[in-house]
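Visitor: In UniProt numbering, the protein residues as written are 1 to 370.
Ideal Cβ positions, reconstructed from N, Cα and C, are used throughout, including at glycine.
I have a structure here, written as structure tokens, and I will follow up with some questions on it.
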Ligand SMILES: *Cc1c(COP(=O)(O)O)cnc(C)c1O
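Next comes the structure, spelled out in structure tokens:
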């Protein structure tokens, strides 16, 4: 029987599976599976969303003038070089669809963000995953993997799920080693949480690359607490901005999301408090887990990667957490089946995780054989 068929690359996509939010039969759930900010929705953003309910019949401003101006003012960037998206995921996929495609290659780090592989496969690119060193992107390996068909290199910095970071000189070395016509996309979803001084989210490299071959993407889903609103942005040179404005939907960001984003940017002290909390509790969570005998990879994000050494042990640890209503992220899809990624929640939530995993470790390795 004949039936409509999508392009073959579409059926090669392994759909993204988001962090779980429910455990059957458990009432109080602590969701630490999607790296959402620990402090919930910024109050000003919640009020802005409510106020927008009266304007729901109006189309949003397709040019996102007010939001781009607010982002530009906050980060010291030219609003004309900013494009907003329905989550940064949308912008990442549009970039890959626009610059990649059948017959091209997309290069990414082995444990890089899964959406790159999904969008790359969808676009028809050959996706090349480059082995890492110490769960950190390897600049020499990435450069060696680039061939004549390579059009895009995707780098999350800091990376999710490993938490690792490339310092600014390494990212600059990556750019310098790429052909001019290869687009380097720097996904800085976790930029605000970074405490290392040798970091640049990517804007400086965008400015230093007039050929228009560097893009930085950012999101409102993490430190700004608006994951449910779907709001992200890209900063790029005019040629890339032009491409994104051609391929995005004319009203790709909804009015409530824009109002929420503007309000979140204006929330006094929000980022400072969130980052201070994250810096403190990321360290306390990592130390607590290490004291329990668990390997924890260094992280510059709002999450830690706990390494249990073996898939069965990680599954057992996940079960022990779930028994207490704690939902974290299993890492099989990222090729790290011995690990769990744990979002830095409130102090109370982090303490619950430490206690649950310490008890799990005390119970011994019988938990998790086979
Ligand atoms: C969370 C995350 C994003 C953000 O996606 P949105 O679509 O903006 O919610 C992008 N990249 C990475 C690496 C992430 O972890």
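Kindly provide the chain-ordered list of residues whose Cβ lies closer than 5 Å to any non-hydrogen atom of ligand 1.
Guide: Any residue whose Cβ sits closer than 5 Å to a heavy atom of ligand 1 makes the list: 87, 88, 89, 113, 156, 160, 187, 189, 219, 221 and 232.
Visitor: Who are the Cβ neighbours of residue 91 in its own chain at under 7 Å, not counting the five residues just before and after it?
Guide: Numbered from 1 along the chain shown, position 91 holds the residue referred to as residue 91. For residue 91, where only same-chain residues beyond five positions count, the Cβ hits under 7 Å are 83, 85, 217, 232, 234 and 244.
Visitor: Just reading off the alpha helix (DSSP H) that residue 82 is part of, what are its end residues?
Guide: Here residue 82 refers to the residue found at position 82 of the chain shown. From DSSP, residue 82 is part of no alpha helix (DSSP H) but of the beta strand (DSSP E) over 82–85.
Visitor: Taking the straight line between their C-alpha atoms, what separation do you get for residue 284 and residue 159?
Guide: Counted from its first residue, the chain shown places residue 284 at position 284. Counted from its first residue, the chain shown places residue 159 at position 159. Cα-Cα distance, rounded: 21 Å.
Visitor: Have a look at residue 278 and residue 193 and give me their C-alpha separation to the nearest angstrom.
Guide: In the chain shown, residue 278 corresponds to position 278, counting from 1. In the chain shown, residue 193 corresponds to position 193, counting from 1. Each residue's alpha carbon lies about 7 Å from the other.
Visitor: Answer yes or no: do residue 151 and residue 104 have a C-beta to C-beta separation smaller than 8 Å?
Guide: Translated into positions along the chain shown, residue 151 becomes position 151. Translated into positions along the chain shown, residue 104 becomes position 104. In this structure, residue 104 lies closer than 8 Å to residue 151 by Cβ.
Visitor: Would you decide whether residue 250 is buried or exposed? Buried here means 16 or more other CB atoms lie within 10 Å of its CB.
Guide: As a working note, residue 250 is residue 250 in the chain shown. Exposed: under 16 other Cβ atoms inside 10 Å.
Visitor: Can you list, in chain order, the residues of its chain whose CB lies under 6 Å from that of residue 19, leaving out five sequence neighbours each side?
Guide: One-based indexing of the chain shown puts residue 19 at position 19. Excluding sequence neighbours, residue 19 sits near 33, 34 and 329.
Visitor: In chain order, what residues of the same chain have a beta carbon less than 7 Å from the beta carbon of residue 281, not counting five sequence neighbours either side?
Guide: The sequence position of residue 281 within the chain shown is 281, counting from 1. Cβ within range, chain order: 344, 347 and 350.
Visitor: So what does DSSP say about residue 368, is it helix, strand or coil?
Guide: Reading the chain shown from its first residue, position 368 is the one you call residue 368. Bear in mind that a pLDDT of 48 at residue 368, under 50, signals an unreliable position, so the number given afterwards is only what the model happens to contain. Coil at residue 368, not helix or strand.
Visitor: Taking the C-alpha atoms as reference points, what is the distance between residue 63 and residue 226?
Guide: As a first step, residue 63 is located in the chain shown; it is residue number 63 there, counting from the start. As a first step, residue 226 is located in the chain shown; it is residue number 226 there, counting from the start. Their backbone Cα atoms lie some 20 Å apart in a straight line.
Visitor: Compute the distance between the beta-carbons of residue 123 and residue 9, then report whether it is under 8 Å.
Guide: Residue mapping note: residue 123 aligns to position 123 of the chain shown, counting from 1. Residue mapping note: residue 9 aligns to position 9 of the chain shown, counting from 1. Yes, these two residues count as a Cβ contact at 8 Å.
Visitor: Going straight from the alpha carbon of residue 276 to that of residue 195, what length do you get?
Guide: As a working mapping, residue 276 is identified with position 276 in the chain shown. As a working mapping, residue 195 is identified with position 195 in the chain shown. Roughly 10 Å separates the two Cα atoms.
Visitor: Could you pull out every residue in the same chain whose Cβ sits closer than 8 Å to the Cβ of residue 17, ignoring the five residues on either side in sequence?
Guide: Working through the chain shown from its first residue, we reach residue 17 at position 17. Counting only Cβ-Cβ distances below 8 Å, and skipping sequence neighbours, we find 333.
Visitor: So, using beta-carbon positions, are residue 6 and residue 255 closer together than 8 Å?
Guide: Against the chain shown, residue 6 aligns to sequence position 6. Against the chain shown, residue 255 aligns to sequence position 255. Contact flag unset, no.
Visitor: What is the DSSP secondary structure of residue 293, reduced to helix, strand or coil?
Guide: Within the chain shown, residue 293 is the residue found at index 293, counting from 1. The answer is coil: DSSP assigns residue 293 none of H, G, I, E or B.
Visitor: May I ask you to report which of helix, strand or coil DSSP gives residue 39?
Guide: Position 39 of the chain shown holds residue 39. Residue 39 falls in the coil class under three-state DSSP.
Visitor: Roughly how far, in whole angstroms, is the beta-carbon of residue 294 from the beta-carbon of residue 303, given that I think they are within contact range, below 8 Å?
Guide: As a position in the chain shown, residue 294 is number 294, starting the count at 1. As a position in the chain shown, residue 303 is number 303, starting the count at 1. Wrong, their Cβ atoms sit about 15 Å apart, outside the cutoff.
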